[in-house]
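Numbered according to this note's numbering, the sequence shown spans residues 1 to 130. Structure record follows, encoded as structure tokens.
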Amino acid sequence: MVATNDIRAKKKFGGRSYGYPALAGVKIYGGAAVGITANKEAVPAGNVNAVKLLGFAEERIDNTNGATGDQYVKIEKDLRVIPLAGATVANIGAAVYASDDNTFTLTAGSLLQIGTIDAIDADGVWLKTT
């Protein structure tokens, strides 16, 4: 389901983060999956302009009334628990795709890959961003 507020996921430290200018007219929630356009502008995962998914927004930015670059999004690449129904230990190592900023699937279709399943435990499905 698409994010409507910040997402607080369990995650493991040791990741990396990068900053990208937000595309004009977008709101990106903290903890939501983020992609970039061909011009290296940050957009929520599932945005029609996204060409690559990078990771998750460190904090919320609201650029709905701003021009491209008025806000910057810090994107984290790490290990974190994601909502992914139906995944089993047989899926460890499988590619994970995002249809929006908080909906994940193992079925590619026309979706962009955000990472791979690193582990499944009592906390849930751990995604390793690529």
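Note that CB positions come from ideal geometry on N, CA and C, so glycine has one too.
(1) DSSP state of Ala22, grouped into three classes?
(2) Pull up the distance between the alpha-carbon of Val73 and that of Asn39, whole angstroms please.
(3) Helix, strand or coil: which one does DSSP assign to Val89?
(4) Give every residue of the same chain whose Cβ lies closer than 8 Å to the Cβ of Leu127, excluding the five residues on either side of it in the sequence, and list them in chain order.
(5) Assuming Glu41 and Gly55 are in contact, meaning their beta carbons sit under 8 Å apart, how far apart are those beta carbons, in whole angstroms?
(6) Kindly indicate which residue of Asp70, Thr37, Gly66, Ala9 has the alpha-carbon position closest to the one of Lys52.
(7) Candidates Leu23, Tyr29, Gly19: which alpha carbon is nearest Val2's?
(8) Assuming Ala45 contacts Asp100 under a Cβ cut-off of 8 Å, what Cβ separation, rounded to an integer in Å, is found between them?
(9) Just verifying my parser: in three-state terms, what is the DSSP assignment at Thr105?
(10) On the DSSP letters alone, give me the boundaries of the beta strand (DSSP E) that Glu76 sits inside.
(11) Taking DSSP's pairing of strands, which residues face Ile114 in a bridge?
From the atom records:
(1) Under the three-state reduction of DSSP output, Ala22 falls in the strand class.
(2) Straight-line Cα distance between these residues: approximately 15 Å.
(3) helix
(4) Leu79, Arg80, Val81, Ile82, Leu84, Val96, Phe104, Ile114, Gly115, Thr116, Ile117, Asp118
(5) Between Gly55 and Glu41 the Cβ distance is about 15 Å, and since that is not below 8 Å, they are no contact.
(6) Nearest of Asp70, Thr37, Gly66, Ala9 to Lys52, Cα basis: Thr37.
(7) Answer by Cα proximity: Tyr29.
(8) 6 Å
(9) strand
(10) Its beta strand (DSSP E) spans residues 72 to 82.
(11) The partner list for Ile114 (beta bridge, DSSP) is empty, contrary to what the question assumes.
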